[in-house]
Structures are given as C-alpha cells and as structure tokens.
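Notes follow the structure.
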Amino acid sequence: MNSGFDSVSSRVAVSLVLCMLMASLSPVALAEPGQEDIGPAVMSGDLSDFTPSIEGKRYMFTEDSSPVFSATGHLKMEWR
Numbered sequence: 001m002n003s004g005f006d007s008v009s010s011r012v013a014v015s016l017v018l019c020m021l022m023a024s025l026s027p028v029a030l031a032e033p034g035q036e037d038i039g040p041a042v043m044s045g046d047l048s049d050f051t052p053s054i055e056g057k058r059y060m061f062t063e064d065s066s067p068v069f070s071a072t073g074h075l076k077m078e079w080r
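Here the sequence shown stands for residues 1 to 80, numbered as in this note's numbering.
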C-alpha cells in the first residue's frame, strides 16, 4: 500500500517542481529578442521655491553644524 502512496506523492512533487520551473522560465522564453531594457530615467526637481523651514523636515542627526532638511514632500507635490 505504501508504494501507491509514494508513487502519487512523488508524482505531485515532480509536478510542482516542473510548474515552478515553467513559471520562472516563461518570461525568458516569451521575451522579444529585439527589446532592450532601458534603465531608469534621471529625474530632477526645481528647489528654487523650496523653503526648508516651512516645507522641509529637518534631519535629527547630522555631523554638520548647519541644519539639513528633506525636500521629499516638496518634490512629490511638484511632480503631481
């Protein structure tokens, strides 16, 4: 009786392994040969109208004596 159960469990295990291999290799097989992957575009924002003390968040720990501010919120609003 164990041989029947072992046969079914090994068949299920092999099927799962084949399914995972097919799923991981299918994007490679379906990719177009002439398509080039272009890296991320460089984006920059304008900080001329950025007021650090109002719109920025001050970093708590910096080595420099002058304060350092984050402009993330300002740039997010500019890109919308």
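Backbone N, C-alpha and C define an ideal beta-carbon position, used for all residues, glycine too.
- Per the coordinates, the alpha-carbon of residue 12 lies some 58 Å from the alpha-carbon of residue 68.
- In this structure, the alpha-carbon of residue 23 lies about 22 Å from that of residue 8.
- For residue 44, the secondary structure class from DSSP, reduced to helix, strand or coil, is coil.
- Here residue 56 is near residue 70, since their CB atoms are less than 7 Å apart.
- Distance from the CA atom of residue 32 to the CA atom of residue 63, rounded to whole angstroms, is 50 Å.
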